[in-house]
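Protein chains: 4
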Amino acid sequence: MSKKNKGNIIKDEFEDLGFSSNINGRARRLINADGSFNILRSSGRWKQQHTYQWLVLMSWKKFFMVVALFYLAINFLFAIAYWMIGVEQLSYSDLHFHPFWIGFFFSAQTLTTVGYGGISPIGFVANALAALGALIGLLSFALATGLLFARFSRANVNLMYSKVALVSPYKEQQQALMFRISNQRRNLLADLQALMIMTWIEADSNGRRHRQYRSLELERKFLPMMPLNWTIVHPIVENSPFYSWDKNSCEKRDLEFLVVIQAYDDSFANTVRSYHSYRWEELVWDAKFSPMFYTDEDGNTILEMEKLGNFERISTKKEFS
Amino acid sequence: MSKKNKGNIIKDEFEDLGFSSNINGRARRLINADGSFNILRSSGRWKQQHTYQWLVLMSWKKFFMVVALFYLAINFLFAIAYWMIGVEQLSYSDLHFHPFWIGFFFSAQTLTTVGYGGISPIGFVANALAALGALIGLLSFALATGLLFARFSRANVNLMYSKVALVSPYKEQQQALMFRISNQRRNLLADLQALMIMTWIEADSNGRRHRQYRSLELERKFLPMMPLNWTIVHPIVENSPFYSWDKNSCEKRDLEFLVVIQAYDDSFANTVRSYHSYRWEELVWDAKFSPMFYTDEDGNTILEMEKLGNFERISTKKEFS
Amino acid sequence: MSKKNKGNIIKDEFEDLGFSSNINGRARRLINADGSFNILRSSGRWKQQHTYQWLVLMSWKKFFMVVALFYLAINFLFAIAYWMIGVEQLSYSDLHFHPFWIGFFFSAQTLTTVGYGGISPIGFVANALAALGALIGLLSFALATGLLFARFSRANVNLMYSKVALVSPYKEQQQALMFRISNQRRNLLADLQALMIMTWIEADSNGRRHRQYRSLELERKFLPMMPLNWTIVHPIVENSPFYSWDKNSCEKRDLEFLVVIQAYDDSFANTVRSYHSYRWEELVWDAKFSPMFYTDEDGNTILEMEKLGNFERISTKKEFS
Amino acid sequence: MSKKNKGNIIKDEFEDLGFSSNINGRARRLINADGSFNILRSSGRWKQQHTYQWLVLMSWKKFFMVVALFYLAINFLFAIAYWMIGVEQLSYSDLHFHPFWIGFFFSAQTLTTVGYGGISPIGFVANALAALGALIGLLSFALATGLLFARFSRANVNLMYSKVALVSPYKEQQQALMFRISNQRRNLLADLQALMIMTWIEADSNGRRHRQYRSLELERKFLPMMPLNWTIVHPIVENSPFYSWDKNSCEKRDLEFLVVIQAYDDSFANTVRSYHSYRWEELVWDAKFSPMFYTDEDGNTILEMEKLGNFERISTKKEFS
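Chains as they are written, first to last, in the numbering used here: chain S, 178 to 498; chain F, 178 to 498; chain Z, 178 to 498; chain P, 178 to 498.
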């Protein structure tokens, strides 16, 4: 088989990234501004999440509500139990509530292992229940506090992306697609890796529209450390899938560049990933990024984060020729 | 040595994956439907598991039984000890049980660090024993709760595999072996890697049957992220070990394709692995997978999980020629 | 485009490591002696650190102060609350303090789940507050103790670097840049990787000074294990960016070699990284490292850490020719 | 420089693995039977271990002694403090010990947060001390229990190595160096990597003996999973450093093969490493490993661990020619 004969449909088949698709209407962007993916799933028969994932990925507000509800529910059940065995199995003084509440507060003091002793078990069954309650409390609070800490210490990264990607002059006579990132946090990122995928929609001869995907070659896809910023560059050379596109074709074909940045974060001692995308509306042609840091008189290097997205338009005539 | 001279037996020797074997009877599949391996070990002299592995890999039911038994056993031992030193070393009122149970419940209240004070140590030995019990309780519950959380938060993946693997038309004039996977959970998998190994049984000139292993080249063995599904494709080109096999030879030689999928799960912050296999009974010839998602009018991408295994039979005449 | 036409500015553009810069004054070193980076950020609008990172990276002294302040503050708030609902909701005897302190100590006993019972809640609101306090205590101490352990067990490495880097004779007729490292701790480091970047400042035709970066090829950049020391060697061959430099040009151009060492530490079960740099003042020409270990009569290998930086000057005449 | 001119001393320089050395006496083996390294360090000025490493790597017996001593010491200090402020600041009854022991047991009940209330603080200073003690208890037991669990759950591997390495016939007319490993535990190891380094001692023209190191090419250095055993094979082809050695030269030069096996252990969710070495005494010439598993009538694969090291001697005449 000669390379020339490869049709578009076939090539798509082995260039797809697991989410090739038939497009009916106008396509929305695949990756949202917050890095999440724009994909819905039909209500299928699959278990959507592991319990741990559910508890780790939910909002903090919801998490605390789940913990509080669990605490109340367990105490409620134990309160019922103590009430049923008879509140006289508990020793207490100066507490003038309904027996349910005696059991409830006793359970709370048991589960949390506070155990003031203002209420204490005297009957055999109450003693056994209390021993069970303390065990349940230790085990379930181990889950709650473990989850709390896992959520709190979960590695994540807060990269700032330039608002737009630029098509800039590059070397002599050439152009390159560029965007710029910086770490919004003070800590050092190491072993950064960048990946850039170009996706667009193309109609075949039957008028059916297919999503196309191509990986883009980057001038540098690995950076050992990023104390400052990083400009990620795709040279638009002849074998680039973006070669010979213009503003018009970008819009017509719903062009979108998917970006994945991976790095090692020393403070979390873990690998972090960041997703982003640039749509055709977020492309600026014939411009280049402005410098965003300088060295002052003392020799210090000063990074100006607010200038990350700054660029200057340049004449379309090639400057480096 | 010329490449032509390599006989089959010799090649097997350096293609084996650590489990080459002489086959006596009909071979059972190597990887079960649940991803476990179908291998028995003769009762040898080796320590089969590290205690941690045993406690992490056992069923939840068994784990809770181990914890409960441990709790009862420690309390039992302390109860005996308090009984032996004399229950008058403990101060208590309104408790009318056998001294053993006084000690038992006191131990439970100490181990869990509840310490109501309804029972409290007054003798010197009882105080020393209680101080020891609280220390033992803290340390052993640290193991129990640590294990509980390690079990609960242990990274695992729930991939859905297509029921069958297909032999589909591929590019022009060619065929490819394909199967399809999708994540049953809602979270995003990143950095997926696929590995496919073909194994079968072959008789040598003496009639002894040997298991053979070959790695299969995949069209794409790495996927940076899988928001939707992934079709893993082995092109059956001339240097493929599966080239020129037919249904008959597959059955006769107990053909099985071993599959390993590895991915990074962001919610667990860890790498996960999934094992699967397709046997000759699970191969469908001359068929191709049906689409399993579409873009609706709002531009959303909808994934239909229940269609993962759907395929359509096609005429054996090459369609792309 | 021919390779010859690549000017310096262009080449810099794709050799920069994310921190290329215009230099106004004399440059200070980029990596300090302690491995930290010498970079300031202008007060921008970005969130500088994740709370977790802040609490993990701060000094121990500061961390304990944060924990103590948090403990006092929570107890203070609960003390106010108990005072407001009336201290008669608490049962206590023999305590003759201001009601605020009764509430304060009761809160401390609740948060830490000690719960002596010398003070115990008798009113309904006090009981509810105590149940809440115990929950808050468990959750917030889970963070405090989790952070304490994360800080304590955080993987780090303590490499000793030779004080200077040497330009030594190397093979026949050649020279190489060398420095030597060793692990200051007794544990074994595995899978070491070294990276060396040369950076200097160069004036362009307009007199503007630019920072230049080049990766240096290492003779060996991977070491499977380092029981003893490791001499990292950059051969100064013709395509090396350091080729044909002399002492004078090093000083004039503020030469600095950035070093990154990465390794796997078995005891922490994690990857560790170490940063270092050598400036032109820390280069010694025409010298070679002295041996730093020997085998004694019993066949034991003895490592002398204090000799790590020892070197002997040699005549500039090539020795191996 | 032509390749031919490379002398032995020079080559050693860039083949050394960080522990090249001058040898005075007879060399002992570099890696002991238990996988530890046979290296001593002269008492230098370096900090030998991070506290965490010290506590994680010490024996269990020593660890429990450290914990117990710490517990006793803290209680001792608090006992002194309570004694100094006056034991009348504590409320207790029926306890007829020396005031020191009252304070000691009260401290134990506070640190472990048991807090029976049999002893409870009534003075202001005692209350403040108790609040401090509970905080110290929580924090220090977080370290103790965290360390306990880190030790218990620390990933390690228990590989069984064949007692000897074999020089076996290999393919046609060739020989190969082989050894065999298997996992002593029931769990599955994934992503195994093998590394083999040959080291020996050679005298230079001055009679000084130098240690030499060479990496050995392996026929297969990666195995995706090891349900059974793995035979690691170094083909002794012409460019192998072991080519043309015989039994005599092995002994004379203190030959030793260093082995590093790395794998991913799913149950620990971590990477594990194993070190081993074969000395010249542990080489067997002209032998091959016997099969160590079979398939029974039901099609099950049975692994016989006790046969791992079994081999059969074969005639020195090449069998495959």
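Think of the CB as a built atom: it goes at the ideal place given N, C-alpha and C, for glycine as much as any other residue.
Quick caveat: nothing in here was measured; it's all calculated off a predicted structure.
| query | Would you call the CB atoms of Gly289 of chain P and Thr290 of chain F closer than 7 Å? | reply | Checking the sequence shown, residue 289 of chain P turns out to be Thr, not Gly. Their beta carbons are under 7 Å apart, which means Thr289 of chain P touches Thr290 of chain F by this criterion.
| query | Name the DSSP bridge partner or partners of His273 of chain S? | reply | Per DSSP, none; premise fails for His273 of chain S.
| Which residues in chain F sit within 7 Å of Arg331 of chain S, going by Cβ to Cβ distance? | Ala446
| Neighbour list for Gly486 of chain Z in chain F, Cβ cutoff strictly below 9 Å | Think of a sphere of 9 Å around the beta carbon of Gly486 of chain Z: no beta carbon from chain F falls inside it, the nearest being about 40 Å out.
| request: Compute the Euclidean distance between the alpha carbons of Asp463 of chain Z and Asn416 of chain Z, then round it to the nearest angstrom. | output: 21 Å
| request: Answer yes if the region 316-331 of chain Z comes into contact with the region 425-439 of chain Z, meaning at least three C-beta pairs across the two stretches below 8 Å, and no otherwise. | output: no
| said: Quick check on Thr448 of chain Z: buried or exposed, where buried means 16 or more other Cβ atoms within 10 Å of its Cβ? | reply: buried
| request: Could I get the ranges of all uninterrupted alpha helix (DSSP H) runs contained in the region 286-333 of chain S, with 4 residues as the minimum, in chain order? | output: 301-329
| request: Note down the Cα distance separating Leu194 of chain P from Thr376 of chain P, rounded to an integer number of angstroms. | output: Only weak support exists for where Leu194 of chain P lies, its pLDDT of 47 falling under 50; the value from the coordinates is given anyway. Whole-angstrom Cα-Cα distance: 10 Å.
| Which of helix, strand or coil does DSSP assign to Tyr390 of chain S? | DSSP places Tyr390 of chain S in strand when its eight states are reduced to three.
| task | Give the straight-line distance between the Cα atoms of His411 of chain S and Gly323 of chain Z, rounded to the nearest whole angstrom. | result | 43 Å
| task | Compare the C-alpha of Tyr259 of chain Z against each of Z:Leu354, Z:Phe240, Z:Gly280, Z:Ala353 and name the closest. | result | Z:Gly280
| query | Is any beta-carbon of chain P found at less than 7 Å from that of Ala311 of chain F? | reply | yes
| field | Best match in F:Leu405, F:Pro418, F:Val264 for proximity to Leu395 of chain F [C-alpha to C-alpha] | value | With distances taken between CA atoms, Leu395 of chain F lies nearest to F:Pro418 out of F:Leu405, F:Pro418, F:Val264.
| said: On a Cα-Cα basis, can you pick out the residue from F:Met261, F:Gln370, F:Ala303, F:Asp381 that is closest to Trp407 of chain F? | reply: F:Gln370
| said: Measuring straight from C-alpha to C-alpha, what distance separates Lys340 of chain P and Glu459 of chain P? | reply: 7 Å
| Three or more beta-carbon pairs under 8 Å between the region 349-360 of chain F and the region 266-284 of chain F, yes or no? | no
| field | Reduced DSSP category for Met482 of chain P - H, G, I as helix; E, B as strand; rest coil | value | helix
| query | Since Tyr441 of chain F is in the beta strand (DSSP E), which residue starts that stretch and which ends it? | reply | 433-442
| said: Does Asp381 of chain S pass the burial test, meaning 16 or more other C-beta atoms within 10 Å, or should it be called exposed? | reply: Asp381 of chain S is exposed by the Cβ-count criterion.
| If you scan the region 391-435 of chain S from start to end, which runs of the beta strand (DSSP E) of 3 or more residues do you find wholly inside it? | For the region 391-435 of chain S, whole beta strand (DSSP E) runs of length 3 or above, ordered along the chain, are 399-403, 406-412.
| Taking buried to mean at least 16 other C-beta atoms within 10 Å of its own C-beta, is Arg490 of chain F buried or exposed? | Around the beta-carbon of Arg490 of chain F, fewer than 16 other beta-carbon atoms lie within 10 Å, marking it exposed.
| query | Taking buried to mean at least 16 other C-beta atoms within 10 Å of its own C-beta, is Glu483 of chain F buried or exposed? | reply | exposed
| request: Measure the Cβ-Cβ separation of Leu372 of chain Z and Ala440 of chain Z and say whether it is below 7 Å. | output: no
| query | Cβ atoms of Leu354 of chain Z and Ala342 of chain Z: under 7 Å apart, would you say? | reply | yes
| Backbone secondary structure at Ile491 of chain S - three-state DSSP | Ile491 of chain S falls in the coil class under three-state DSSP.
| task | Measuring alpha carbon to alpha carbon, tell me which of S:Ser359, S:Tyr248, S:Ile438 ends up nearest Ser454 of chain S. | result | S:Ile438
| field | Whole-number beta carbon distance between Ile378 of chain F and Arg391 of chain F, since they are thought to touch under 8 Å | value | Actually they are not in contact, since the Cβ atoms of Arg391 of chain F and Ile378 of chain F sit about 13 Å apart, beyond 8 Å.
| request: For Asn304 of chain S, collect the residues of the same chain with a Cβ closer than 6 Å to its Cβ; drop the 5 residues on either side in sequence, then sort them by chain order. | output: Pro298
| task | Within its chain, find whatever has a CB closer than 7 Å to the CB of Asn333 of chain S; leave out the 5 residues flanking it on each side and keep chain order. | result | Val449
| query | Closest to Pro468 of chain Z by CA distance: which of Z:Asp211, Z:Leu254, Z:Phe488, Z:Phe301 is it? | reply | Nearest of Z:Asp211, Z:Leu254, Z:Phe488, Z:Phe301 to Pro468 of chain Z, Cα basis: Z:Phe488.
| Which word fits Phe399 of chain F, buried or exposed, when buried means at least 16 other C-beta atoms lie within 10 angstroms of its C-beta? | Exposed: under 16 other Cβ atoms inside 10 Å.
| query | Which residues in the same chain have their Cβ closer than 6 Å to the Cβ of Asp368 of chain Z, if we skip the five residues on either side of it in sequence? | reply | Tyr441
| Do the CB positions of Ser359 of chain P and Gln230 of chain F come within less than 7 Å of each other? | no
| message | Between the alpha carbons of Ser498 of chain S and Tyr420 of chain Z, how many angstroms are there, rounded? | response | Its pLDDT being 37, under 50, Ser498 of chain S is placed unreliably in this model, and the coordinates cannot settle the point.
| field | Cβ neighbours of Ile257 of chain S in the same chain (closer than 8 Å, five flanking residues each side left out) | value | Its chain contains Phe277, Gly280 as the residues whose beta carbon lies nearer than 8 Å to that of Ile257 of chain S, once the 5 sequence neighbours on both sides are disregarded; these appear in chain order.
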